[in-house]
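Quick note: the sequence shown uses the working numbering, first residue 54, plus one each step. Don't be surprised by glycine CBs; every beta carbon is placed ideally from N, CA and C. In this text the structure is predicted, and so the values were computed from the model without any measurement. Input: a single structure, listed below in structure tokens.
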Amino acid sequence: MSTEQSASQTSSTETEPLPSVPNVADPQPGTAVSDDFETGTANDPTVGTRGTEETRITVDGQTVTLPEGATIYDAIDEIEPDSSVPALCNYDEDNEDADRIGPRSECRTCMVDTDEHGMVPSCSFPAEDGLTVHTSTEEAEEARSVNLDLILGDHNLRCTTCGQNGRCELQDASIEEDVEDPRYGVFDDRDAYEPIDDSSPFIQIDRNKCILCNRCVEACNDVQVEGVLRIEGSGPDTRIAFQNGADTMMDSTCVSCGHCATVCPTGALVEQGLTDMATIPLPGFNQKNSIGKVIGEDYEHQPRQMTPMKKDERPNMSENE
């Protein structure tokens, strides 16, 4: 090979780029996928103020200074407003998982009035600098009252048979708002109750108590990254369901971590053993016969936490796991 040919090849090698992986941004960097599932409503859009500057807003005449990323509800939480502002779909707990669960503005029980934007949901609306907020205007109180009554009108109100009796956020909000008779009637006046899913030995599902806040779906998808739960249907047929299309919890891919039950604001998802914990015993009247139908009671007790389908998807697991 001549010296000129060798030099030509060396020059070509130096100028031509070597094959490499394209520099493509991950469209969902916040979800670590360890299973083949659809995230559904995972990865909520960022709420609250942008940037790193503190903001000052006025709520019912009181000025509040807030850090970056704050919402109007954060300001309300700092003071004692003129009227209560419930936020049933907002998971407002002091732990690292709270930021990954909502808020989604589903229930609209936290509506407030602003001079700049009119009526807004306080749990997700950013606390813009200079904002003036009113919690006790007639319009704001009426909006919260109507939305709370809409939720109660589609809820199993037999609280004395519920394991969350006395520990229910919807019950607390109703007491604070002095709701004794929801204006749109109660569940008993309309459709039949949906059967209780009692198939899992670890978690019971009573969809008649679900307010569709989406907390359980996000805890399952975004925090535990198991991809078991989803919300399916539309309108009055919207319900908690399973991403693998199962009809019962035991046929789903649930690993029984219990996080969905931990974040549930009502008695829709309750750990087995706690389903009757707070009930008031009345002769012949309990949770199951008040609903009238239960599915999954014929399942044999599972010695392991994982449901049979989840174990089948992980064939390397031994029978003792």
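When the Cα atoms are used, residue 260 and residue 176 turn out to be separated by approximately 25 angstroms. Between residue 255 and residue 325, the gap from beta carbon to beta carbon is short of 7 angstroms. For residue 268, there is no enclosing beta strand (DSSP E); the residue is found in the alpha helix (DSSP H) stretching over 268 to 271. In this structure, residue 323 places its C-beta atom within 7 angstroms of the C-beta atom of residue 216. Exposure of residue 245 is indicated by the presence of fewer than 16 other C-beta atoms within 10 angstroms of its C-beta. Residue 101 is classed as buried because its beta carbon has at least 16 other beta carbons within 10 Å across all chains shown. Under the Cβ criterion (8 angstroms, minimum of three pairs), the stretch 203 to 213 counts as touching the stretch 261 to 268. Contact between the stretch 223 to 231 and the stretch 307 to 317 is absent: fewer than 3 CB-CB pairs across the two stretches fall below 8 angstroms. Residue 318 is not bridged by DSSP to any residue. Between residue 118 and residue 133, the C-beta spacing is not below 7 angstroms. In the DSSP assignment, no residue is bridged to residue 205.
One Cα belongs to residue 294, the other to residue 305, and the distance between them is close to 9 angstroms.
Taking a C-beta distance under 7 angstroms as the contact criterion, residue 166 and residue 185 do not qualify as a contact pair. Between residue 105 and residue 121, the C-beta gap is smaller than 7 angstroms, which places the two residues in contact.
By the neighbour-count criterion, in which 16 or more other beta carbons inside 10 Å mark a residue as buried, residue 154 falls on the buried side. When C-beta atoms of the stretch 142 to 154 are compared with those of the stretch 266 to 277, three or more pairs fall below 8 angstroms, so the two segments count as touching. The beta carbon of residue 284 lies closer than 8 angstroms to those of 93, 94, 265, 267, 270, 291, 292, 293, 294 in the same chain, with the five residues before and after it left out. Using a 10 angstroms sphere on the CB of residue 125, the tally of other CB atoms reaches 16 or more, which defines it as buried.
Apart from sequence neighbours up to five positions away, the residues of its chain that approach residue 150 with a beta-carbon distance below 6 angstroms are 276, ordered along the chain. Exclusion of the five residues before and after residue 137 leaves 229 as the residues of its chain whose Cβ lies within less than 6 angstroms of its Cβ. Annotation: the continuous beta strand (DSSP E) that includes residue 257 extends over 256 to 258. Note that the C-beta distance between residue 182 and residue 235 is not below 7 angstroms.
Per DSSP, residue 128 lies in no beta strand (DSSP E) segment; the continuous alpha helix (DSSP H) that holds it begins and ends at 125 to 131.
When DSSP states are grouped into helix, strand and coil, residue 330 belongs to the coil group.
For the set 302, 288, 286, 287, the Cα lying nearest the Cα of residue 280 is the one of 302.
Its chain contains 185 as the residues whose beta carbon lies nearer than 6 angstroms to that of residue 111, once the 5 sequence neighbours on both sides are disregarded; these appear in chain order. Between residue 174 and residue 158 the beta-carbon gap is near 4 angstroms, inside 8 angstroms, which marks them as a contact. Counting along the chain, the unbroken beta strand (DSSP E) around residue 294 starts and ends at 292 to 295.
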